[in-house]
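Following: one structure in structure tokens, then a few remarks.
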Ligand code: FNR
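Residue numbers (our numbering): 45 to 227.
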């Protein structure tokens, strides 16, 4: 079986983040063909062109990890109907310089969860637009998950609710299929 590496970007720094729980669940229910590496984004400074030529180690660690991965999975909260700044900052670092843009032709799955009914749907539209502009292959379709009860996904990524588990499993399987085709 061919295996593919996936850089997991969980875009919340909170210890009890529901998006980190969702990211763990995706890893847990994904087919064995996907091997996940969790990549940090919160150690990078804000993008500053003056640092080009002498990029901080946290930035080169990030861009090296994305470049080395066959695909990327973004799991994010929605902040004010958009993507969190930590993820936008990471995308900006990775997109520069233009001839070393790490997102070009990268297969990217996007999802997220919030307590709201259409939690993260609008933020994901922004994320999709940004990633498309810089040349990523963003998985078609929408996957936003309403985090209905505080224990919907446990700390290990186990999902008790059968319909949510089936949805996450299908999302991960669809991603694995796309990665196998395109990566
Ligand atoms: C939020 N939250 C939120 N939720 C939502 O569904 N749509 C939104 O636009 C926003 N906006 C927003 C802005 C900011 C600054 C914060 C801190 C929060 C609520 C959010 O979904 C909730 O706090 C989640 O628990 C955040 O995700 P993590 O950190 O638990 O993964």
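Positions of the beta carbon are idealized from the N, C-alpha and C atoms, including for glycine.
Grab the span of the beta strand (DSSP E) containing residue i for me, first residue to last.
i	result
residue 215	First-last for residue 215: 206-226, but that is the alpha helix (DSSP H), not the beta strand (DSSP E).
residue 158	151-158
residue 49	48-54
residue 146	Premise fails: residue 146 is in no beta strand (DSSP E) and is neither H nor E.
Shorter than 8 Å, the distance from the beta carbon of residue i to the closest heavy atom of ligand 2, or not?
i	result
residue 58	Because ligand 2 does not appear in the structure shown, any question about it cannot be addressed here, the ligands present being ligand 1.
Using the Cβ count rule (16 or more neighbours within 10 Å means buried), how would you classify residue i?
i	result
residue 132	buried
residue 215	buried
residue 120	buried
Is any heavy atom in ligand 1 found nearer than 8 Å to the beta carbon of residue i?
i	result
residue 186	no
residue 122	yes
residue 201	no
residue 133	no
Spatial neighbours of residue i within its chain, please: C-beta separation below 8 Å, excluding the five flanking residues on both sides.
i	result
residue 81	49, 50, 51, 52, 109, 113
Would you mind reading off the limits of the alpha helix (DSSP H) that contains residue i?
i	result
residue 188	Looking at the DSSP string, residue 188 is not in any alpha helix (DSSP H); the run it does join, the beta strand (DSSP E), is 188-190.
residue 79	Careful: residue 79 lies outside any alpha helix (DSSP H), inside the beta strand (DSSP E) at 78-82.
residue 177	165-177
residue 105	101-112
Just to confirm my understanding: we take residue i, look at its own chain, exclude 5 residues before and 5 after, and list those with CB closer than 7 Å. What are they?
i	result
residue 226	151, 181
Below 6 Å CB to CB, which residues in the same chain sit around residue i once its five sequence neighbours on both sides are set aside?
i	result
residue 236	Absent from the structure is residue 236, since the part of the chain shown begins at 45 and ends at 227.
residue 164	122, 156, 158, 188
Check your understanding: Counting pairs of beta carbons, one from the region 137-156 and one from the region 176-192, are three or more of them closer than 8 Å?
Key -> Yes, they touch.
Point to revise | Inter-stretch contact (C-beta, 8 Å, three-pair minimum) for the region 99-112 and the region 69-78 | key: By the Cβ criterion, the region 99-112 is not in contact with the region 69-78, since fewer than three pairs of Cβ atoms, one from each stretch, lie closer than 8 Å.
Exercise for review: Evaluate contact between the region 58-73 and the region 198-214, counting only Cβ atoms and requiring at least three cross-stretch pairs below 8 Å.
Suggested key: A contact is defined here as three or more CB-CB pairs under 8 Å, and the region 58-73 meets this definition with respect to the region 198-214.
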